[in-house]
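Participant:
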Amino acid sequence: MAGHSAQLDAKTLWGGKESPFQTSYGKLMMWFFLVSDALTFSGLLISYGFTRHSCQVAWPIGEETFNSLPFLGHGYPLLYVALMTFILIVSSVTMVLAVEAGHRM
Numbered sequence: 062m063a064g065h066s067a068q069l070d071a072k073t074l075w076g077g078k079e080s081p082f083q084t085s086y087g088k089l090m091m092w093f094f095l096v097s098d099a100l101t102f103s104g105l106l107i108s109y110g111f112t113r114h115s116c117q118v119a120w121p122i123g124e125e126t127f128n129s130l131p132f133l134g135h136g137y138p139l140l141y142v143a144l145m146t147f148i149l150i151v152s153s154v155t156m157v158l159a160v161e162a163g164h165r166m
């Protein structure tokens with residue numbers, strides 16, 4: 062069974078008479094993903110807002126939080142943010158190289 066692949070047409074994928082909204086299956090699933098992703102993150106952000114608003118303890122001040130590297134003391138303004146940005150860029154480059162290598166296979 063692992064060596065078999067099936068060729069499916071649009072009629073087999075959608076057993077109804079017409080495709081919903083006259084779109085392809087891939088486009089419909091992409092919209093489903095986008096809507097579910099938006100609802101997930103909006104739920105997370107709303108719960109964060111409610112939690113922060115109802116909390117009695119003062120939250121950290123951003124100017125103090127990003128003023129130094131953790132465990133190294135003060136005196137290094139925005140070095141922590143620069144480090145996180147560098148890590149993000151390096152991971153993005155790694156992902157681009159992986160996708161390019163995948164296309165060459």
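Going by the working numbering, the sequence shown opens with residue 62, and the numbers climb by one from there. Idealized CB from N, CA, C, for every residue including glycine.
Quick test of your reading: LEU139 and PHE127, contact by CB under 8 Å. State the CB separation rounded to the nearest angstrom.
Facilitator: Stepping through the sequence shown from its first residue, residue 139 is reached at position 78. Stepping through the sequence shown from its first residue, residue 127 is reached at position 66. Their Cβ separation, rounded to whole angstroms, is 6 Å, which keeps LEU139 and PHE127 in contact under 8 Å.
Participant: Identify, in the order they occur along the chain, each residue of the same chain with its Cβ nearer than 7 Å to the Cβ of TYR137, setting aside the five sequence neighbours on each side.
Facilitator: As a working note, residue 137 is residue 76 in the sequence shown. Excluding positions up to five away in sequence, the list reads SER129 and LEU130.
Participant: What residues in its chain sit with their C-beta under 6 Å from that of GLN68, if we drop five residues either side in the sequence?
Facilitator: Along the sequence shown, read from residue 1 onward, the residue named residue 68 stands at position 7. Excluding sequence neighbours, GLN68 sits near nothing in its chain.
Participant: Go through the region 83–156 residue by residue and report every complete run of the alpha helix (DSSP H) that reaches 4 residues or more, in order.
Facilitator: DSSP runs (the alpha helix (DSSP H)) wholly in the region 83–156: 86–115 and 123–126.
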